[in-house]
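Listed in order, the protein sequences are those of chains A and B. Terminal number for the first sequence in this note's numbering: 1286, no gaps in between. Terminal number for the second sequence in this note's numbering: 1623, no gaps in between. Just so you know, even glycine gets a beta-carbon here, dropped at the ideal spot from N, CA and C. These numbers come from a predicted model, not from an experiment.
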Amino acid sequence: MIKVLFFARLREQLGTEAIDIPWQPESTVGTLLQQILADHPAWSEFLSKPLMKAVNQEMSQDEQALSDGDEVAFFPPVTGG
Amino acid sequence: MAEDFICVQTEDFSVDEQYQAIRSSTTSAGAVVFFVGLVRDINDGQSVTGLHLEHYPAMTKKALAGIVTQARERWDLHEVRLIHRVGSLDLNDQIVFVATSSRHRQSAFQACEFIMDFLKTQAPFWKKERTTQGDHWVDARTSDQQELERWQK
Chain A
1206 MIKVLFFARL REQLGTEAID IPWQPESTVG TLLQQILADH PAWSEFLSKP
1256 LMKAVNQEMS QDEQALSDGD EVAFFPPVTG G
Chain B
1471 MAEDFICVQT EDFSVDEQYQ AIRSSTTSAG AVVFFVGLVR DINDGQSVTG
1521 LHLEHYPAMT KKALAGIVTQ ARERWDLHEV RLIHRVGSLD LNDQIVFVAT
1571 SSRHRQSAFQ ACEFIMDFLK TQAPFWKKER TTQGDHWVDA RTSDQQELER
1621 WQK
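The following block contains the structure:
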């Protein structure tokens, strides 16, 4: 299972802060996003915007490979400081 | 080299206490530079009355520690102290504190700017502003991204 987290504006737009997605062999951050969109087509409007991604709390790119049990977060560009 | 202090908290902080802590941690530093970020009243032409800062608790401290490590790889720093607040903040409240100490001033100045530029574009914080026209999430600025890119040359 992959634990998927959403933050800030994206969390509000999707109306949820976390979902579980079954892990698939050879999955990446990019293919995980496709899996999420297949389950939730209505989310494409929000998930197609520029997003940052983190795998196990480290900034990552779409090509990053996933292991079973990983925590993946999607969020809008950060605005702290 | 002193141990760095990195903290994410809802409470306010005292610049004087932080300065005294970094000042007294060594006798070999000739310079301390610090930056304080505040909640400003106008942003993108709208009257701001306060803001809420959300973060990704499991990642935030790790991301900040990573930024401090990168700064240490580039400059010879004695100590870094970094505090970022989360939760609800009012106008003029302190948001962020970064202090760097080094033997000579150039390293402390540059490292302090570097840490802020990376924090603004790489650490998982998001501001939601309260304005007279309602609440809204702050958009990331391309100018912040450009500030970051100057360190990558």
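Looking at the C-beta of Thr-1233 of chain A, does it have a partner C-beta in chain B at a distance below 8 Å?
By 1-based counting over the first sequence, the position of residue 1233 of chain A is 28. Closer than 8 Å: no.
Based on DSSP bridge pairs, tell me the residues matched to Trp-1596 of chain B.
As a working mapping, residue 1596 of chain B is identified with position 126 in the second sequence. According to DSSP, Trp-1596 of chain B bridges with B:Glu-1524.
Whole angstroms is fine: what's the gap from Thr-1496 of chain B's alpha carbon to His-1548 of chain B's?
One-based indexing of the second sequence puts residue 1496 of chain B at position 26. One-based indexing of the second sequence puts residue 1548 of chain B at position 78. Distance between the alpha carbons of Thr-1496 of chain B and His-1548 of chain B is about 8 Å.
For Trp-1621 of chain B, decide whether its Cβ has a neighbour in chain A, counting only Cβ atoms nearer than 8 Å.
Taking the first residue of the second sequence as position 1, residue 1621 of chain B is located at position 151. Answer no: the Cβ-Cβ gap between Trp-1621 of chain B and chain A never drops below 8 Å.
Quick check: the segment 1247-1254 of chain A against the segment 1223-1231 of chain A, are there 3 or more CB pairs under 8 Å?
Short answer: they don't touch.
Nearest-angstrom Cα separation, counted from Glu-1599 of chain B out to Asp-1514 of chain B
Here residue 1514 of chain B is taken as the residue at index 44 of the second sequence, counted from 1. Here residue 1599 of chain B is taken as the residue at index 129 of the second sequence, counted from 1. Answer to the nearest angstrom: the Cα atoms are 11 Å apart.
Give, in chain order, every residue of the segment 1556-1571 of chain B whose Cβ lies closer than 8 Å to some Cβ of chain A.
The segment 1556-1571 of chain B vs chain A, Cβ under 8 Å: Ile-1565 and Val-1566.
Own chain partners of Ala-1541 of chain B with C-beta closer than 6 Å, once the 5 adjacent residues on each side are dropped
The residue labelled residue 1541 of chain B in the question sits at position 71 within the second sequence. In the same chain as Ala-1541 of chain B, and ignoring 5 residues on each side of it, the C-beta atoms closer than 6 Å to its own belong to Ala-1581, Phe-1584 and Ile-1585, in chain order.
Asp-1609 of chain B to Ala-1499 of chain B, Cα distance in whole Å?
By 1-based counting over the second sequence, the position of residue 1609 of chain B is 139. By 1-based counting over the second sequence, the position of residue 1499 of chain B is 29. C-alpha of Asp-1609 of chain B to C-alpha of Ala-1499 of chain B: approximately 38 Å in a straight line.
Since Asn-1562 of chain B and Val-1478 of chain B should fall inside the 8 Å C-beta cutoff, what is the C-beta to C-beta distance between them, to a whole number of angstroms?
In the second sequence, counting from the first residue as 1, residue 1562 of chain B sits at position 92. In the second sequence, counting from the first residue as 1, residue 1478 of chain B sits at position 8. About 21 Å; that fails the 8 Å criterion.
When DSSP builds the beta bridges, which residues end up paired with Glu-1276 of chain A?
In the first sequence, residue 1276 of chain A corresponds to position 71, counting from 1. Paired residues: A:Lys-1208.
Use the C-beta contact count for Gly-1286 of chain A: other C-beta atoms within 10 angstroms, 16 or more gives buried, fewer gives exposed.
The residue labelled residue 1286 of chain A in the question sits at position 81 within the first sequence. Flag for Gly-1286 of chain A reads buried.
Limits of the unbroken alpha helix (DSSP H) element including Val-1283 of chain A:
Reading the first sequence from its first residue, position 78 is the one you call residue 1283 of chain A. It is not in any alpha helix (DSSP H) - Val-1283 of chain A carries neither H nor E in the DSSP assignment.
Please list, in chain order, all residues of the same chain as Arg-1493 of chain B whose beta carbon is under 7 Å from its beta carbon, the five residues on each side excluded.
Translated into positions along the second sequence, residue 1493 of chain B becomes position 23. If we look at Arg-1493 of chain B and ignore the five residues flanking it on each side, its Cβ neighbours are Val-1502.
List in chain order: all unbroken alpha helix (DSSP H) runs of 4+ residues lying wholly within the segment 1546-1623 of chain B.
1575-1592 and 1612-1619
Going straight from the alpha carbon of Lys-1623 of chain B to that of Gln-1616 of chain B, what length do you get?
Taking the second sequence and counting its residues from 1, the one referred to as residue 1623 of chain B is at position 153. Taking the second sequence and counting its residues from 1, the one referred to as residue 1616 of chain B is at position 146. Cα to Cα, Lys-1623 of chain B sits roughly 11 Å from Gln-1616 of chain B.
First through last residue of the beta strand (DSSP E) which encompasses Gly-1500 of chain B
Position 30 of the second sequence holds residue 1500 of chain B. First-last for Gly-1500 of chain B: undefined, no H or E at that position.
Excluding the 5 residues flanking Asp-1273 of chain A on each side, which residues of the same chain have their C-beta closer than 6 Å to its C-beta?
Here residue 1273 of chain A refers to the residue found at position 68 when the first sequence is read from its first residue. Taken in chain order, the residues that qualify are Trp-1228.
Mind listing which residues of the segment 1211-1225 of chain A have their C-beta closer than 7 Å to chain B's C-betas, in chain order?
Listed by position, the residues of the segment 1211-1225 of chain A near chain B (Cβ gap below 7 Å) are Phe-1212, Ala-1213 and Arg-1214.
Under 6 Å Cβ to Cβ from Leu-1618 of chain B, same chain only, skipping five residues before and after it: list those, please.
Locating residue 1618 of chain B in the second sequence gives position 148, counting from the first residue. Result list for Leu-1618 of chain B: Asp-1587 and Thr-1591, in chain order.
Closer than 7 Å by beta-carbon distance: list the chain A residues that pair up with Phe-1579 of chain B, in chain order.
Translated into positions along the second sequence, residue 1579 of chain B becomes position 109. Among the residues of chain A, none has a CB under 7 Å from the CB of Phe-1579 of chain B; the nearest is roughly 17 Å distant.
Can you give the Cα-Cα distance for Asp-1546 of chain B and Asp-1482 of chain B, rounded to whole angstroms?
If you number the second sequence from 1, residue 1546 of chain B lands on position 76. If you number the second sequence from 1, residue 1482 of chain B lands on position 12. Those two C-alpha atoms are separated by around 29 Å.
Boundaries of the alpha helix (DSSP H) in which Glu-1263 of chain A is found, first to last residue:
Position 58 of the first sequence holds residue 1263 of chain A. First-last for Glu-1263 of chain A: 1263-1265, but that is the beta strand (DSSP E), not the alpha helix (DSSP H).
Using a beta-carbon distance below 8 Å, is Ala-1610 of chain B in contact with chain A?
One-based indexing of the second sequence puts residue 1610 of chain B at position 140. So, interface residue.
Spell out whether any CB of chain A is found under 8 Å from the CB atom of His-1554 of chain B.
Position 84 of the second sequence, counted from the first residue, corresponds to residue 1554 of chain B. It does; some Cβ of chain A falls within 8 Å.
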